[in-house]
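S.K.: Right, I'll just put the structure down here and ask away after.
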Amino acid sequence: MAARPSPESSRGAIAWMAGHSVAANLLMLTCLIGGFIFLQNIRQELFPVFDVDTVAVTVVYPGASPEEVESGIILAVEEAVSALDGVDEVTSTAMEGLAWVDVKALTGADLQKLAQDVQGEVDRITSFPEEAEEPQITIISNKRVVLSVVLYGDAPPASLHELAEQMRDQFLQDPGITQVDLDGVRPLEIGIEVPQENLRRYNLTLEELAGRLRNASVDLPGGSVKADSGEILIRVKERRDFGREFARLPVITKDDGSRVLLEEIASIDDGYRDTDYYATYNGKPAVMINVYSVGDQTPIQVSRTVRSHLEQLRPTLPAGIELSILRDRSEIFAQRIDLLLRNSAIGLSLVIVMLALFLEFRLAFWVMMGIPISFMGSFILLPLFDVSINMISLFAYLICLGIVVDDAIVVGENVYHYRQSGLGPLEAAVKGARDMAMPVTFSILTNIATFMPLYFIPGTDGKIFRVIPLVVCTVFAVSLFESIFILPAHLARQREKKRRGLSAFLHARQQDFSLAFSRWVHNRYSPLLGFVLSYRYLTLAMALAVLVLTISFAVSGRMGMEMYPKLESDFARATLTMPYGAAVDKTEAVARRLLAAARQTATETGREKELVQGIFTEIGTDGSHKAEVTVYLAPPEVRDKILGTAAFTRRWRELTGEITGSKSLRFESDAGGPGSGNAITIELNHRDLGVLQRASRELADGLQAYPLVTDIDDGFTPGKEQLDFTLLPQGKSLGFTAREVARQIRNAFYGAEVLRQQRGRNEMKVMVRLPEAERISQYHIDELMLQSPDGNEVPLRDVARITRGRAYMEISRRNGRRVVQVQCDVTPRNKAGEIINDLQETLLPGLTASHPGLRYSFEGRQADMRKNLGNLKVSFILALLAVFALLAIPFRSYSQPLIVMLAIPFGIIGAIFGHLLLGYSLSIMSLLGIVALSGVVVNDSLVLVTRANELQEEQGGTALQIILAASAQRFRPIILTTVTTFGGLSPMILETSRQARFLIPMAISLGFGVLFATIITLVLVPSLYLIIDDIRILAGKNS
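Heads up, the sequence shown is in the numbering used here, so the first residue is 24 and it goes up one at a time.
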């Protein structure tokens, strides 16, 4: 039978819901069942996928030097796009044969519109060189690979490529896989090489030959004919896709009518573009197949699908060909999901235990039910904000675990208080909920106000972290509704039942604990508080002294400051850069040395087969001078018992030793993680590249003096040797133009393009050029025969002057100025700030003084940290103002919000002490936790001051009597909310897994901040309450 409401408890929405349990239960079931249904359709991924606010413009300019790319393409693109609305900055890089321009959008700008505007402006450019290809405009996205499959063995690259293509096709036929691409594959090319002797014999130029081949390979529609039988399509179909199809083409008709075929005058190689790139896995040629998750595909589903196909493919592989799975991100996803769920389960258990100790078991049960109701209800709202289930959103739920029951605890404890005072279940439920409706509502609003700054963090970091406030705010919104309308209905139906057996025993023990706790509050806490309040000014002074000392210590830099905690990867990587233009044999020799050192590092452990899954080596990644060796290690639960990634990388570096003649060598143990990248990046800019080169070397030399600095790269790699041609007067007299000379030289050495077309999924080029044997020395350049306008052949040395120089490897620019970045790493990372401060005081001022016009800035991590710190500072101030306003409205006072907000700075003390206690440096994650903490810590103070105001209205009395009574009455809910919040976060705080290091600092700030702020609430808030009353009395006497 439904509870019969009394007249006093029958008015208002709260009373109606409390008296109509069916409505409350239906709402509860709607949240639970609806949330479960919506959860099935929410996208799952390791990290949020998003566009990175950058539109990229790429233009291929085959064979061009970086300076030619800069002058011919980049300057025009920069001029066209830099003034567009929504552009934050423009950065560009000129490389050999490629122009890359990044147009970074302002935060909040419409990226699709910006991309269209960039496309329109670039399309209007008419000054691009004829040889430049069509510009490509793309929006950069952080798409995530689920897993990589490496196909390797003793086989020609063409065979591996063909097999990889077949595997890709099979994967894509499955509806569970949408995107697959290949790495370690060179572009397809049909190379046609014609000796100069044959060209002379048939009075033919490379350009003429390319034109004839182009005209002979046609696939064009010719319209249609309407016949009596119907419409007939007309098509000229002479398309040629393979070298053998070009071989039999007639290219010359002799005077006697006979024809010369292409294969008679040229060698035809149907293979790959002439590059130095190749990849190996465990020393054997390899191709990497990357599989992505798209849309609502989950990493686990994609991984299972791929593994199922691989089981079918393994038996069909040719002899000597093997495949392995590398970096299955679904395993990382599952590990991190398991980590967060495990910590959530432990935290939930601690919360339930704490509630059961302080409250009746039935009451504790319904208070605890606020957690699943709020969580499941939030799943109904998340699709509105396009939030996926990922590591960040799950961490947000973990944050909510202890906080979300705070309002239910306050309401439930107040109901419990009225029940013990003799009221019936319905009256106690209605009165308890009504009393707490205002403070609970405004405490939820302050929580939301302080989590919302995370939503407005700019840049890539903001796109990751804005998930947290979206999740937290939806959970809090459902929680508020549940605690005010659903919880009272459940508490109103409780009836005293005779308990037997274990139930009676547990109830008796809980009552004993509750009674003992109440006695302790009355006999210990209240007298102690009375003593402290008698010395309230001294108490406040001592607390402020501790606050000043703690903040001073934190800002002094002794704790260290880093962008993010360093998170170990599942692989160690060495990136080698030799002098630009170095022979691939030299680069390969150093790569073999790195490979041997990596194997020796694994062998020293005595468990190399358990530790190392495989070693992937790439030679010629960005030219013959670069190489990369990646050692894939066992999962963390295995390798941590043998040798962690960081320790492996340190030993690998030691065994490799100094590489003589290398430009730079960088070892990484955290590649791809949130803490990856160089610790210090200093960008120098000047209009003169010579000044930049000298300054960067001086800065790199200066960094050598710091013992903590490693992996220094001056950012300025000398380019290849370059031959510059200038037309001679006799060349002009023979009718040559500079353009004609350039075209004939280009056709001979780079090649004349016949055509490009799709062959299967890949683009293929057909190129005509001289044989390699006629393109390898200075002699062949001097003796190159050019055809004059009148058909005569003239050696190049008689037409143009040749001078030697050196091209730049690449030219970087930012907002119209040439720049170079000097980079280095620092061990430990949290000391980077000290080194930066010293550089700004000593080395950098002297550098700018000795090179007039030189400017410097800190980019990379430092730029991101500077932006985030500046944004957090503004956001923190705005959050404090919002909290003040939200407190001033219900209190109708300007002074009482200050009493409540006193907990905020002392919560920061707790956060700092927590980091010191657990050995963590401060990081951006720590500061995000502190900002969010500001709303959480005021909840207890709000409840305390609200109760003091109620007692003032109900009973009157002195300020001392009121605050003592209010502190005693609210001691239980304050302690309860604190221990549940800390209990919910403590599993994550104490987590030892490296997967959690990225998130632990935020949990430390919240957990320890709340813990320390509780002491402040129970001691300092009453002290300040009396001090303000003293001031009010004194002001009244003076007036």
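All residues carry an ideal CB built from backbone N, CA and C; glycine is no exception.
In whole angstroms, what separates the C-alpha of L688 from that of Q810?
M.R.: For the purposes of this step, residue 688 is identified with residue 665 of the sequence shown, where counting begins at 1. For the purposes of this step, residue 810 is identified with residue 787 of the sequence shown, where counting begins at 1. Those two C-alpha atoms are separated by around 47 Å.
S.K.: Among residues of its own chain, excluding the 5 on either side of V374, which ones have a beta-carbon nearer than 8 Å to its beta-carbon?
M.R.: Start at 1 with the first residue of the sequence shown, and residue 374 comes out as number 351. Closer than 8 Å at Cβ, skipping near neighbours: M391, I394, L424, G425, V428, T1003, G1006 and G1007.
S.K.: The beta strand (DSSP E) that contains L211, what's its start and end?
M.R.: Counting from 1 along the sequence shown, the entry for residue 211 is found at position 188. Unbroken beta strand (DSSP E) run through L211: L211 to E216.
S.K.: Kindly say whether R827, judged by its beta-carbon, lies nearer than 8 Å to any beta-carbon of chain B.
M.R.: Judged by its chain identifiers, the structure shown contains no chain B, having just a single protein chain.
S.K.: So the alpha helix (DSSP H) Q919 belongs to, where does it begin and stop?
M.R.: Here the question's residue 919 lines up with position 896 in the sequence shown. Where Q919 is concerned, the enclosing alpha helix (DSSP H) stretches over Q919 to M924.
S.K.: Quick check on H184: buried or exposed, where buried means 16 or more other Cβ atoms within 10 Å of its Cβ?
M.R.: Sequence index remark: in the sequence shown, residue 184 carries index 161 (1-based). H184 is buried by the Cβ-count criterion.
S.K.: Distance check for L107 and Q139, CA to CA, integer angstroms please.
M.R.: Within the sequence shown, residue 139 is the residue found at index 116, counting from 1. Within the sequence shown, residue 107 is the residue found at index 84, counting from 1. Counting only the Cα atoms, L107 lies some 11 Å from Q139.
S.K.: How would you label T981, buried or exposed, when you count the other beta carbons within 10 angstroms and need 16 or more for buried?
M.R.: Looking up residue 981 in the sequence shown gives position 958. Residue environment analysis places T981 among the exposed positions, since fewer than 16 neighbouring C-beta atoms fall within 10 angstroms of its C-beta.
S.K.: Tell me which residues share the same chain as E93 and place their Cβ nearer than 7 Å to its Cβ, disregarding the 5 neighbours each side in the sequence.
M.R.: Translated into the one-based positions of the sequence shown, residue 93 becomes position 70. A117 and I834, listed in sequence order.
S.K.: Since P1063 contacts L477 with CB under 8 Å, what's their CB separation in whole angstroms?
M.R.: Outside the displayed span of the chain (24 to 1062) sits residue 1063, for which this structure offers no information.
S.K.: I need the DSSP call for T321, collapsed to helix, strand or coil.
M.R.: Translated into positions along the sequence shown, residue 321 becomes position 298. If DSSP states are grouped into helix, strand and coil, T321 belongs with coil.
S.K.: Who are the near neighbours of R720 in its chain, counting only those whose CB is closer than 8 Å to its CB and skipping five residues on each side?
M.R.: Within the sequence shown, residue 720 is the residue found at index 697, counting from 1. The answer, listed in chain order, is D737 and F739.
S.K.: So is A1067 buried or exposed if we call it buried at 16+ other beta carbons inside 10 Å?
M.R.: Here the chain has residues from 24 to 1062 only, and residue 1067 is not among them.
S.K.: How about D111 and A128: are their beta carbons less than 8 Å apart?
M.R.: Residue mapping note: residue 111 aligns to position 88 of the sequence shown, counting from 1. Residue mapping note: residue 128 aligns to position 105 of the sequence shown, counting from 1. Against a cut-off of 8 Å, the Cβ pair of A128 and D111 comes out as a contact.
S.K.: Kindly indicate which three-state DSSP category Y1048 falls into: helix, strand or coil?
M.R.: On the sequence shown, position 1025 is the one that residue 1048 refers to. Three-state DSSP puts Y1048 in a helix.
S.K.: CB-CB under 6 Å to F759, same chain, minus the five flanking residues each way: which ones, in chain order?
M.R.: Within the sequence shown, numbered from 1, the residue matching residue 759 stands at position 736. Closer than 6 Å at the Cβ level, and outside the excluded window around F759, lie V822.
S.K.: Take E102 as the anchor and find which of Q63, L386 and I148 has the nearest alpha-carbon.
M.R.: Within the sequence shown, the letter at position 79 stands for residue 102. Checking every option, the nearest Cα to that of E102 belongs to I148.
S.K.: Taking the straight line between their C-alpha atoms, what separation do you get for R442 and A451?
M.R.: What you label residue 442 is simply residue 419 of the sequence shown in a count that begins at 1. What you label residue 451 is simply residue 428 of the sequence shown in a count that begins at 1. The alpha-carbon atoms of R442 and A451 are separated by roughly 6 Å.
S.K.: Please state whether the Cβ-Cβ distance between V75 and I160 is less than 8 Å.
M.R.: On the sequence shown, position 52 is the one that residue 75 refers to. On the sequence shown, position 137 is the one that residue 160 refers to. Cβ distance not < 8 Å, so V75 and I160 don't count as in contact.
S.K.: Can you give me the start and stop residues for the alpha helix (DSSP H) that R224 sits inside?
M.R.: Here residue 224 corresponds to residue number 201 of the sequence shown, with the count starting at 1. Where R224 is concerned, the enclosing alpha helix (DSSP H) stretches over Q219 to R224.
S.K.: Counting Cβ pairs, one atom from each stretch, are 3 or more of them under 8 Å apart for the region 969-988 and the region 543-557?
M.R.: yes
S.K.: Runs of 4 residues minimum, wholly inside the region 448-504: which ones carry the alpha helix (DSSP H) assignment?
M.R.: 448-474, 482-488 and 490-504
S.K.: When the distance is taken between beta carbons, is F907 closer than 8 Å to M888?
M.R.: Sequence index remark: in the sequence shown, residue 888 carries index 865 (1-based). Sequence index remark: in the sequence shown, residue 907 carries index 884 (1-based). No, these two residues do not count as a Cβ contact at 8 Å.
S.K.: So what does DSSP say about N962, is it helix, strand or coil?
M.R.: The sequence position of residue 962 within the sequence shown is 939, counting from 1. Helix at N962.
S.K.: In the structure shown, what three-state DSSP assignment does G646 receive?
M.R.: Taking the sequence shown and counting its residues from 1, one reaches residue 646 at position 623. G646: strand per DSSP, three-state reduction.
S.K.: Would you report the Cα separation of D593 and R167, rounded to the nearest angstrom?
M.R.: Taking the first residue of the sequence shown as 1, we reach residue 593 at position 570. Taking the first residue of the sequence shown as 1, we reach residue 167 at position 144. Rounded to the nearest angstrom, the two C-alpha atoms are 16 Å apart.
S.K.: Decide if L572 is buried, meaning its Cβ has at least 16 other Cβ atoms within 10 Å, or exposed.
M.R.: For the purposes of this step, residue 572 is identified with residue 549 of the sequence shown, where counting begins at 1. Burial is judged here by how many other beta carbons sit within 10 angstroms of a residue's own beta carbon; L572 has fewer than 16 and is exposed.
S.K.: Starting from the C-beta of F1063, find all residues in its chain whose C-beta is less than 8 Å away, skip the five residues before and the five after it, and write them out in chain order.
M.R.: Residue 1063 is absent from the structure shown; the chain starts at 24 and stops at 1062.
S.K.: Please classify N546 as buried or exposed, where buried requires at least 16 other C-beta atoms within 10 Å of its C-beta.
M.R.: On the sequence shown, position 523 is the one that residue 546 refers to. Burial state of N546 is exposed, judged by a 10 Å Cβ sphere holding fewer than 16 other Cβ atoms.
S.K.: Name the residue from S171, I927 and G643 whose alpha carbon lies nearest to the alpha carbon of L570.
M.R.: To locate residue 570, count along the sequence shown from 1; it is residue 547. The candidate whose alpha carbon is nearest that of L570 is I927.
S.K.: Apart from the five residues on each side of it in sequence, which residues of its chain come closer than 7 Å, Cβ to Cβ, to I682?
M.R.: Numbered from 1 along the sequence shown, position 659 holds the residue referred to as residue 682. Here the set comprises V613 and L688.
S.K.: In the DSSP output, what is A989 paired with across the bridge?
M.R.: To locate residue 989, count along the sequence shown from 1; it is residue 966. According to DSSP, A989 bridges with nothing at all.
S.K.: Report the CB separation of V960 from N470 in whole angstroms; it is logged as a contact under 8 Å.
M.R.: Walking along the sequence shown from the start, residue 960 turns up at place 937. Walking along the sequence shown from the start, residue 470 turns up at place 447. With 8 Å as the limit, V960 and N470 do not qualify as a contact, their Cβ atoms being about 10 Å apart.
S.K.: So, with DSSP's three-state summary, where would you put S1062?
M.R.: Numbered from its first residue, the sequence shown carries residue 1062 at position 1039. Residue confidence for S1062 is low, a pLDDT of 47 falling below 50, so the modelled location carries little weight and cannot support an answer.
S.K.: Following the continuous beta strand (DSSP E) through Q67, name the residue where it begins and the one where it ends.
M.R.: Here the question's residue 67 lines up with position 44 in the sequence shown. Q67 -> no beta strand (DSSP E), and no H or E assigned at all.
S.K.: From what residue to what residue does the beta strand (DSSP E) around E816 run?
M.R.: One-based indexing of the sequence shown puts residue 816 at position 793. Unbroken beta strand (DSSP E) run through E816: E816 to P818.
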